[in-house]
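Be aware that the sequence shown starts at 254, since it is given in the working numbering, and climbs by one per residue.
Beta carbons are placed, not taken as given, at the ideal position from N, Cα and C, and that holds for glycine.
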Amino acid sequence: MRTLTIDLDAIVHNYKTMLARTSAAVLPVIKANAYGHGMVEVAKALEAAGCGGFAVADVAEGLVLREAGVKAAVLAWLHDPEDDFVAAVANDIDLGIANVSQLAKALAAAEASGETAHVHLKIDTGLGRNGSTIDEWPALLEATKNAVETGKVSVIGIFSHLSSTGEAEDLRQVELFKAALAVAEGMGIDYEFAHLTASDGSLAYPSAHFGMIRVGIAIYGLDPFSSNRAAEYGLRPAMTASAKVSQLKRVPAGTGVSYGYQHVTERETTLALVPIGYAEGLPRNASGKAHVSINGKSYPILSRIAMDQFVLDIGEDNVQVGDDVVLFGDPAKGHPSVDDLADAAGTINYEIVTRMGGRFKRVYVGGGK
254 MRTLTIDLDA IVHNYKTMLA RTSAAVLPVI KANAYGHGMV EVAKALEAAG CGGFAVADVA
314 EGLVLREAGV KAAVLAWLHD PEDDFVAAVA NDIDLGIANV SQLAKALAAA EASGETAHVH
374 LKIDTGLGRN GSTIDEWPAL LEATKNAVET GKVSVIGIFS HLSSTGEAED LRQVELFKAA
434 LAVAEGMGID YEFAHLTASD GSLAYPSAHF GMIRVGIAIY GLDPFSSNRA AEYGLRPAMT
494 ASAKVSQLKR VPAGTGVSYG YQHVTERETT LALVPIGYAE GLPRNASGKA HVSINGKSYP
554 ILSRIAMDQF VLDIGEDNVQ VGDDVVLFGD PAKGHPSVDD LADAAGTINY EIVTRMGGRF
614 KRVYVGGGK
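Right under this line is the structure:
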């Protein structure tokens with residue numbers, strides 16, 4: 254069985270660890286199926302632990318949470334032109350607003366649903382993605398002020414996102430954000446929360462926490478700087494990816510392994526077949542570079558990773574069919590880390606956990622499971 258074991262207790266621990274680092278509110282980001290960990294399960298575990306709100310990418314993700322019975326606040330900010338704002342407002346999903354047209358759509362949704370649209374205004378302070386430009390900011394604020402006066406729109410927050418380009422640029426964005434807040438306040442816009450930093454900025458710049466921090470990758474126990482330092486922040490990895498040895502075969506020296514024979518055995522040895530491939534999200538470009546662990550010992554993946562499987566050379570070790578093979582997990586338990594696999598693949602830990610899927614079965618432990 255290919256298994257993603259998700260430790261909900263670790264996720265709750267990481268949430269509480271981030272809470273202890275700030276006087277601000279902590280908003281867990283659970284978009285993209287909670288970075289591969291299971292959005293509904295993660296939300297329910299955190300809600301039971303006292304978490305009062307979540308961030309998702311789009312309205313559809315927010316509606317999934319509502320359909321699953323999650324009652325906490327939900328913020329969705331990345332909108333397709335066809336996203337159903339009426340359903341969002343009717344289900345009390347906060348909307349990130351990046352421009353006047355989105356605000357008008359939110360106001361129309363409030364009028365159609367008979368409910369108040371709760372919004373967070375987003376300004377682009379330098380990331381160059383969604384959000385109002387600095388030049389357009391006063392016009393968005395003026396439109397917001399008019400919408401609030403109708404009684405159908407309420408401003409919950411004002412937010413932005415750091416580019417993580419470097420300290421000087423990040424701090425420049427902090428000052429731009431402060432200036433944007435001052436403009437909003439000067440125009441009479443009342444709001445509950447200002448939020449700027451994600452996991453990396455929240456750890457690097459405590460003075461920039463404002464009223465709320467958004468925490469994504471750190472909630473899952475991973476280092477936002479991809480430097481294998483999660484434990485230094487008191488974080489515990491929540492995902493372990495594993496499978497079972499499915500076949501052992503004794504082969505002579507000179508045996509080619511997998512496509513292209515990028516590895517040829519130098520001696521008589523035993524090969525172990527493991528049924529995880531790029532269909533499960535294991536990056537093919539980690540071929541010949543990534544390591545896994547069996548019974549606490551590290552083994553390199555040989556040759557090319559295939560769609561469904563990879564091969565190990567276990568030599569004379571006492572490995573049996575059915576033994577657990579850990580692709581990544583908690584380094585404190587002797588497993589390779591997500592960062593180790595990300596380094597082997599030339600990518601980041603965010604991508605590794607988010608792409609895990611295919612034939613993996615998610616198994617939840619802790620959190621009442």
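- In this structure, the beta-carbon distance from E300 to V323 falls below 8 Å.
- DSSP, read as helix, strand or coil, puts Q573 in coil.
- Taking C-alpha positions only, I601 is separated from S479 by approximately 6 Å.
- The Cβ-Cβ distance between G349 and L328 falls below 8 Å.
- Per DSSP, the continuous alpha helix (DSSP H) segment holding R425 begins and ends at E420 to G439.
- Residue burial is scored here from C-beta neighbours: N571 has fewer than 16 other C-beta atoms within 10 angstroms and is therefore classed as exposed.
- Judged by DSSP in its simplified three-state form, R615 adopts strand.
- Exposed is the label assigned to S354, since fewer than 16 other Cβ atoms lie within 10 Å of its Cβ.
- G315 is positioned such that its CB atom lies closer than 8 Å to that of V309.
- D388 sits exposed, since fewer than 16 C-beta atoms from the chains shown fall within 10 Å of its C-beta.
- Contact annotation: K405 and A370 have beta-carbon atoms nearer than 8 Å.
- The shortest CA-to-CA distance from A595 to any of D576, F563, L535 and N548 is the one to L535.
- In this structure A461 touches G454 by the C-beta definition: roughly 6 Å separates them, less than 8 Å.
- Exposure of A365 is indicated by the presence of fewer than 16 other C-beta atoms within 10 angstroms of its C-beta.
- The beta carbon of P505 sits closer than 8 Å to the beta carbons of T518 and E521 from its chain, once the five residues preceding and following it are set aside; these are given in chain order.
- Excluding its 5 nearest sequence neighbours in each direction, D476 has C-beta neighbours in its own chain below 6 Å: R482 and A483, listed in chain order.
- Residue nearest to T450 within the set R467, L488, R557 and D336 is R467 (criterion: CA-CA distance).
- Following the DSSP letters along the chain, one finds R503 in no alpha helix (DSSP H) but inside the beta strand (DSSP E) bounded by residues Q500 to V504.
- Closest by C-alpha distance to E294, out of A277, D311 and L261, is L261.
- Counting other Cβ atoms within 10 Å of its Cβ, V606 reaches 16 or more and is therefore classed as buried.
- About 16 Å separates the CB atoms of D345 and D311; that is not less than 8 Å, and the two are not in contact.
- For the segment 539-591, the full-length beta strand (DSSP E) segments reaching 3 residues or more read 544-547, 550-555, 563-566 and 577-581 along the chain.
- M440 sits exposed, since fewer than 16 C-beta atoms from the chains shown fall within 10 Å of its C-beta.
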